[in-house]
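Participant: The structure is given below, and queries will be raised subsequently.
Protein chains in written order, with the numbering used here: chain A, 79 to 190; chain B, 33 to 146.
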């Protein structure tokens with residue numbers, strides 16, 4: 079089992095709708111969780127990080143963390159065509175010497 | 033520029049050749065990471081430097097891979113006797129402090145081994 083799991087997609091969402099991206103992790107020692115956006119042929123860029131259970135909002139983005147279920151999600155409200163990219167979930171754990179472990183990413187396609 | 037830079041952006045090597053990939057982190061950033069990203073996969077950790085000290089090289093796939101950061105700024109990832117399975121994008125990232133969660137990625141070097 080990979081340490082950080084994501085559905086590879088593609089996930090197709092109509093423009094203006096809410097895109098919901100999900101991620102699970104296996105290491106209960108994970109303490110920090112990240113969402114990166116990666117456009118094709120480009121490097122990852124950090125969108126949000128979250129440490130505590132619950133929701134964290136930043137503009138159109140909301141990260142949600144449920145440590146009991148080992149589940150992290152990213153909601154994108156009012157989806158725009160420019161949101162079309164691969165979204166990488168990542169986790170950082172003391173059990174892994176603080177390394178950041180990435181999932182393989184979910185491809186998101188916003189339909190105009 | 034103010035960001036992380038990497039060179040070359042693209043490298044084609046014949047199997048068996050040695051290659052050297054360069055990373056210029058953001059000035060003053062203490063931590064530097066190298067990742068390998070295969071097509072359709074997330075970045076996989078290779079190695080980590082804190083200033084000039086290589087604190088973790090557990091992700092290097094074989095002894096053909098070697099990284100250094102002799103003066104605590106620029107880093108070089110060297111791959112000896114390249115194999116086709118080494119074909120990937122090699123990403124460098126830096127962060128300002130130790131154990132800081134915000135890593136800034138460079139554009140990557142796409143290595144193709146023929």
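We treat Cβ as the ideally placed atom computed from N, Cα and C, and that holds for glycine.
Can you look up residue 158 of chain A in the DSSP assignment and give me helix, strand or coil?
Facilitator: Here residue 158 of chain A refers to the residue found at position 80 when the first chain is read from its first residue. Here residue 158 of chain A sits in coil by DSSP.
Participant: Please name the residue in B/119, B/123 and B/56 whose C-alpha comes closest to that of residue 146 of chain B.
Facilitator: Here the question's residue 146 of chain B lines up with position 114 in the second chain. Among B/119, B/123 and B/56, the Cα nearest to that of residue 146 of chain B belongs to B/119.
Participant: Please name the residue, chosen from B/142, B/106, B/83 and B/39, that lies closest to residue 116 of chain B on a Cα-to-Cα basis.
Facilitator: Working through the second chain from its first residue, we reach residue 116 of chain B at position 84. Looking at the Cα atoms, B/142 is the closest of the given residues.
Participant: Residue 181 of chain A touches chain B at which residues, Cβ-Cβ below 8 Å?
Facilitator: As a first step, residue 181 of chain A is located in the first chain; it is residue number 103 there, counting from the start. In chain order: 74.
Participant: Under 8 Å, Cβ to Cβ, is there at least one residue of chain B near residue 62 of chain A?
Facilitator: Nothing about residue 62 of chain A can be read from this structure; chain A reaches only from 79 to 190.
Participant: Name the DSSP beta bridge partners of residue 104 of chain A, please?
Facilitator: For this step, residue 104 of chain A is matched to residue 26 along the first chain. Answer by DSSP bridge pairing: none, since residue 104 of chain A is not bridged.
Participant: Would you say residue 191 of chain A reaches chain B, if we count a Cβ-Cβ gap shorter than 8 Å as a contact?
Facilitator: Outside the shown range of chain A, which is 79 to 190, sits residue 191 of chain A, and nothing can be said about it.
Participant: Pairs of beta-carbons, one from the segment 40–58 of chain B and one from the segment 180–190 of chain A, closer than 8 Å: are there three or more?
Facilitator: no
Participant: To the nearest angstrom, how far is it from the Cα of residue 78 of chain A to the Cα of residue 129 of chain B?
Facilitator: Chain A is shown only over 79 to 190; residue 78 of chain A falls outside these bounds and no answer can be derived.
Participant: Listing by chain order, which chain B residues have their CB less than 8 Å from the CB of residue 170 of chain A?
Facilitator: If you number the first chain from 1, residue 170 of chain A lands on position 92. 133, listed in chain order.
Participant: What are the residues that DSSP puts in a beta bridge with residue 126 of chain A?
Facilitator: Taking the first residue of the first chain as position 1, residue 126 of chain A is located at position 48. DSSP lists A/113 as partners of residue 126 of chain A.
Participant: Taking 8 Å as the threshold (C-beta atoms), are residue 99 of chain B and residue 66 of chain B in contact?
Facilitator: To locate residue 66 of chain B, count along the second chain from 1; it is residue 34. To locate residue 99 of chain B, count along the second chain from 1; it is residue 67. Against a cut-off of 8 Å, the Cβ pair of residue 99 of chain B and residue 66 of chain B comes out as a contact.
Participant: Any chance the segment 89–109 of chain A sits against the segment 132–149 of chain A, with 3 or more Cβ pairs inside 8 Å?
Facilitator: yes
Participant: Could you name the residues of the segment 131–146 of chain A whose beta carbon sits closer than 7 Å to any beta carbon of chain B, in the order they occur along the chain?
Facilitator: none
Participant: Going by DSSP, what residue range makes up the beta strand (DSSP E) through residue 103 of chain B?
Facilitator: In the second chain, residue 103 of chain B corresponds to position 71, counting from 1. Where residue 103 of chain B is concerned, there is no enclosing beta strand (DSSP E), given that its DSSP letter is neither H nor E.
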